[in-house]
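Data first, discussion second: the structure below is written as structure tokens.
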Amino acid sequence: MNARTAFLICLAAVAAALASGCSRNKERGVAFRRDISVNLAKPQKNWPGDPRKTLTPAQQDVLSLRGRPDFIRFHWKGGEEFAGDLEVPRDVKPEELAAVPQSWVYLRQGDEVSFPSSAQYQSDPISDRLKVVIKEGDPEDSKYIPTPAGGEEEEWHYFSSGMVYRFRNGKLVDAKRQHDPIHGYMKH
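In this note's numbering, the protein residues as written are 5 to 192.
Structure (structure tokens):
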């Protein structure tokens, strides 16, 4: 096998690996990159299709006022907790995806718009935890650590970047590079 053939085979393998990490739900017009996050998806060109059929009145209002969000956040566990890769089905059907509570993230404005009901929406600043997920992806390891004061902190470790983030009551209290990045680290 010559060098050109080996290069083409390697290139095809890389393309296949990248494609397998991306899960598209064409009916809903979103793309998940499971190797980055199961909690965030990018709206695609065809999103949201016909807004009168696919969006609630509150979502239609936000779309007309603010435009397409940078990310759609899916609240698989309800509330503010982030789901892990194994907690989300591999191939989500459109009707399942539509039933998952969601919020829309607008990076330039620095806020997350949630929809408490089909007729209401509210805007809140992007939380520290969500900022880290946007930057780094879902945590590669997380644990709770007791503090000397009797409370606890949540620690998120990213082997792929060498970063460790600590949160207390959802607020970022420490971020540091703990080690060199482990290149090629796979989350699942």
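Using N, Cα and C, we set each Cβ at its ideal position, and we do this for glycine too. None of the values given here were measured: they were computed from a predicted structure.
Extent of the continuous beta strand (DSSP E) to which residue i belongs
i: A87; result: From DSSP, A87 is part of no beta strand (DSSP E); its letter is neither H nor E.
i: F163; result: That residue, F163, is in no beta strand (DSSP E); it is neither H nor E in DSSP.
i: Q106; result: Q106 to Y110
i: K180; result: K175 to R181
i: I76; result: F75 to F78
i: A35; result: V34 to R37
Start and end residues, alpha helix (DSSP H) containing residue i
i: Y101; result: Residue identity differs from the one stated: residue 101 is Leu in this sequence, not Tyr. Per DSSP, L101 belongs to the alpha helix (DSSP H) from P98 to A103.
Spatial distance of residue i from residue j (CA atoms)
i: S164; j: G33; result: 29 Å
i: D218; j: S41; result: Only positions 5 to 192 of the chain appear in the structure, and residue 218 is not among them; the question remains open.
i: R181; j: G174; result: 20 Å
i: E85; j: H79; result: 7 Å
i: D132; j: V104; result: 22 Å
i: R37; j: E100; result: 18 Å
i: L69; j: S122; result: 16 Å
i: Y162; j: E91; result: 19 Å
i: D184; j: K81; result: 32 Å
i: G53; j: K46; result: 14 Å
i: T58; j: W51; result: 9 Å
i: L67; j: P152; result: 46 Å
i: S146; j: F171; result: 11 Å
i: D178; j: R56; result: 44 Å
i: Q48; j: A35; result: 7 Å
i: Q64; j: R94; result: 29 Å
i: L111; j: F75; result: 8 Å
i: D114; j: V136; result: Here residue 114 is Gly; the residue named in the question, Asp, does not match the sequence. The alpha-carbon atoms of G114 and V136 are separated by roughly 13 Å.
i: L134; j: G71; result: 21 Å
i: T60; j: M167; result: 39 Å
CB of residue i within 7 Å of CB of residue j, strictly
i: E124; j: A62; result: It is Gln, not Glu, that sits at residue 124 in the sequence shown. Yes.
i: Y169; j: W160; result: yes
i: V96; j: P73; result: no
i: P150; j: E158; result: no
Anticipated Cβ contact below 8 Å, residue i with residue j, distance rounded
i: E140; j: R77; result: So it is not a contact: roughly 15 Å between Cβ atoms.
i: I138; j: L44; result: 7 Å
Length at least 4, wholly inside the region 128 to 161: the alpha helix (DSSP H) runs in chain order: 132 to 140
Minimum length 3: unbroken beta strand (DSSP E) runs contained in the region 40 to 64: 41 to 47
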